[in-house]
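Chemist: Have a look at this one.
Protein chains in written order, with my numbering: chain A, 5 to 175; chain B, 5 to 175.
Set out below in structure tokens:
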């Protein structure tokens with residue numbers, strides 16, 4: 005089964021992201037807006053118990069995540085993904101690194117650039133038009149996220165939460 | 005904010021339900037297949053803490069839910085909803101009643117008939133055709149569900165998990 009680890013921002017910020025996603029994001033209906041902390045990986049029923057315990061112990065070390073969605077950016081030309089840039093704090097980088105090292109499942113495909121995707125699978129022309137508009141609108145939202153989620157994927161591509169972990173620590 | 009309490013069945017049973025839902029269920033993209041334990045209710049940030057604690061204490065009393073999706077049934081003529089009937093065990097009835105009484109938020113709109121919706125918002129003709137086909141196909145799946153989820157709704161109608169509760173008791 006395919007799992008991932010994400011942080012869902014507040015309803016307010018998810019609603020804002022969805023105003024764009026419903027028009028521009030091909031994954032709109034598969035999962036609600038989120039920050040990916042660990043990209044999709046394979047695990048069986050046995051492994052997921054160990055993984056779940058590891059994530060629980062990591063979550064106990066971290067306090068609520070202070071996040072700042074500071075502007076609308078794009079991964080172009082690597083991919084035509086447009087996103088809310090989340091300022092890469094030490095806290096986020098450390099959390100990402102702890103998850104990566106302690107789970108020890110595969111290498112990350114990319115450098116960790118915390119973000120909330122709002123558009124993807126656009127043609128180059130669409131990307132140019134839409135990014136041109138959205139970067140002018142921008143985003144500036146600050147909040148805290150007090151939990152992270154271990155999610156799994158169904159055959160149709162949609163994601164369901166397997167478990168939530170409150171961030172109850174001090175890091 | 006609007007909250008609800010649900011139990012997600014296994015990936016296997018969710019995938020099976022989705023083979024029908026993608027064609028026949030207007031809510032297909034809003035939430036993955038589930039058994040509703042408490043219908044949508046309003047709560048603010050303050051109330052949800054108390055509610056979350058109450059659900060946690062209930063979940064500690066119950067063991068994993070033994071469920072049996074035994075046939076494909078319909079709420080017609082009350083509504084044109086077609087569903088996997090989940091056999092109404094004492095365990096499910098007690099869990100539903102504990103949630104209802106201890107949360108004490110609104111009266112249930114219907115008698116509790118545990119089910120997984122696979123079709124809704126059909127015309128009467130569509131309902132007749134599709135139910136005629138599906139009741140012959142039927143369903144017969146048994147499994148256990150070891151956790152329940154408190155979920156909240158975004159403005160676009162989609163649901164995100166707020167918290168998961170493992171069923172770690174003996175009831």
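A virtual CB, placed ideally from N, CA and C, is assigned to each residue, including glycine. Computed from a predicted structure; not experimentally measured.
#1: So that I know if they touch, is there some Cβ in chain A lying closer than 8 Å to that of residue 61 of chain B?
#2: Would you call residue 40 of chain A buried or exposed, if buried means 16 or more other Cβ atoms sit within 10 Å of its Cβ?
#3: Might you give, ordered along the chain, the residues of its own chain that have their beta carbon closer than 7 Å to the beta carbon of residue 30 of chain B, omitting 5 neighbours on each side?
#4: Using a Cβ-Cβ cut-off of 8 Å, state whether residue 145 of chain B counts as contacting chain A.
#5: Using the rule of at least 16 other Cβ atoms within 10 Å of the residue's Cβ for burial, across every protein chain shown, is residue 162 of chain B buried or exposed?
#6: Determine whether the Cβ of residue 162 of chain A lies closer than 8 Å to any Cβ atom of chain B.
#7: Could you tell me whether any Cβ in chain B is nearer than 8 Å to the Cβ of residue 45 of chain A?
#8: Count the other C-beta atoms from every protein chain shown that fall within 10 angstroms of the C-beta of residue 53 of chain B, then say buried if there are 16 or more, exposed otherwise.
#9: Pull the bridge partners of residue 8 of chain B from the DSSP assignment, please.
#10: Over the uninterrupted alpha helix (DSSP H) stretch that includes residue 1 of chain B, give me the two end residues.
#11: With respect to the beta strand (DSSP E) encompassing residue 89 of chain A, which residues constitute its N-terminal and C-terminal limits?
#12: Within a Cβ cutoff of 8 Å, which residues of the same chain sit near residue 158 of chain B, ignoring the five residues on either side of it in sequence?
#13: Among all the DSSP beta bridges, which residues are the ones paired with residue 45 of chain A?
#14: So, is residue 167 of chain B buried or exposed, given that buried needs 16 or more other C-beta atoms within 10 angstroms?
#15: Check the Cβ of residue 33 of chain A against every Cβ in chain B and list those closer than 9 Å, keeping chain order.
#16: For residue 12 of chain B, collect the residues of the same chain with a Cβ closer than 6 Å to its Cβ; drop the 5 residues on either side in sequence, then sort them by chain order.
#17: Among A:72, A:114, A:86, A:78, whose alpha-carbon lies nearest the alpha-carbon of residue 94 of chain A?
#18: DSSP on residue 77 of chain B, reduced to helix/strand/coil?
#19: Less than 8 Å between C-beta atoms, sequence neighbours within five positions excluded: which residues of the same chain meet that for residue 155 of chain B?
#20: For chain B, is any of its Cβ atoms less than 8 Å away from the one on residue 53 of chain A?
Modeler: Reading off the structure:
#1: no
#2: buried
#3: 124, 125
#4: no
#5: buried
#6: yes
#7: no
#8: exposed
#9: B:155
#10: Residue 1 of chain B lies beyond the residue range present for chain B, which begins at 5 and ends at 175; the question has no answer from this structure.
#11: 86 to 90
#12: 164
#13: A:7
#14: buried
#15: 32, 33, 34, 162
#16: 38
#17: A:72
#18: strand
#19: 7, 8, 9, 10, 35, 163, 164, 165, 166
#20: no
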